[in-house]
Amino acid sequence: MEVLEKINTTNKNEILFLAQKSHATNALNILFLGVTHGEEPQGEFLINKFIEKIQKEKLYFKNNLYFIPCLNPDGKQLKQRGNFNNIDLNRNFATKNFKTTTFDDGTKSGNKPQSEIETKFLSEIIEKIRFDIILSFHAPFEIVNFDGNAEEIAQKISEITGYPVQKDIGYPTPGSFGTFCGIERNIPTITLELSQKLSNQELWEQNKEIFNYLGNY
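Residue 0 is where the sequence shown starts when you use numbering that gives the first Met the number 0, and the numbers rise one by one after that.
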């Protein structure tokens, strides 16, 4: 597993951008993203569990696999949704519908798009690497949400998880990562809303086949 980039956050935590490259000539670029919201740590566990499995079993896949296990380590450390500055990172991307907002839970969108270390870092990666599929882990709604041309992938993930496909999350999401990538850049983007009722190990058993599916898509 190669460390491509790493940065330190405001609170001196590390964000890692990792990859396992494929030797296949027709390899797709697949990104797995965890912990955009600090109180949703399940994605980091699943990504790290998969990385551990790759390394232990010396697995290789058809596609190039990229990982950001935890985008918001400050929020995770503080056990809060937003980052150190209490910014909801999933409302801080440079989308056409970005707006300066304070949300009901007290988090904010930021005074301008990509004002935060975390969103700037991820946005620069998106501009440098043309991803073919992005899977972002969230919680707790137990649905498969998608943006862009990702319905077929969403349906397959629905079959694996048992979660229903839901194109509309049900409320406005200005400045979201799904809009930034899926709608405005035409990258098939899945937002997988995991259960908070299951243990991490139970979530792994429920979702582990997703990694194999996308790795060899």
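Where a beta carbon is used, it is the ideal one built from N, C-alpha and C, also for glycine. These figures come from a predicted structure and were not determined experimentally.
Would you list the residues sitting across from residue i in a DSSP beta bridge?
| i | result |
| --- | --- |
| Ala93 | DSSP output for Ala93 lists no bridge partner at all. |
| Asn144 | Thr190 |
| Tyr65 | Ala18 and Leu30 |
| Lys218 | The first residue shown for the chain is 0 and the last is 216, placing residue 218 beyond what the model contains. |
| His137 | Glu192 |
Have a look at the options and flag the residue whose alpha-carbon is nearest the alpha-carbon of residue i.
| i | options | result |
| --- | --- | --- |
| Leu202 | Tyr59, Leu45, Asn84 and Phe102 | Leu45 |
| Glu192 | Ile142, Ser157, Gly177 and Asn206 | Ile142 |
| Leu121 | Glu1, Leu32 and Met0 | Leu32 |
| Glu117 | Asn85, Thr99 and Asp103 | Asn85 |
| Ile14 | Leu58, Ala23 and Phe66 | Phe66 |
DSSP state of residue i, grouped into three classes?
| i | result |
| --- | --- |
| Asn47 | helix |
| Asn211 | helix |
| Glu192 | strand |
| Gln19 | strand |
| Glu115 | coil |
| Phe31 | strand |
| Asn7 | strand |
| Glu13 | strand |
| Thr99 | coil |
Measure the C-alpha to C-alpha separation of residue i and residue j and round it to an integer number of angstroms.
| i | j | result |
| --- | --- | --- |
| Cys180 | Gly147 | 8 Å |
| Lys119 | Val34 | 16 Å |
| Asn91 | Lys52 | 33 Å |
| Pro187 | Gln165 | 15 Å |
| Lys55 | Phe97 | 42 Å |
| Ile124 | Leu213 | 20 Å |
| Asn62 | Thr160 | 22 Å |
| Asn199 | Pro112 | 33 Å |
Determine, using beta carbons only, whether residue i and residue j come nearer to each other than 9 Å.
| i | j | result |
| --- | --- | --- |
| Ile128 | Asn28 | yes |
| His137 | Gly74 | no |
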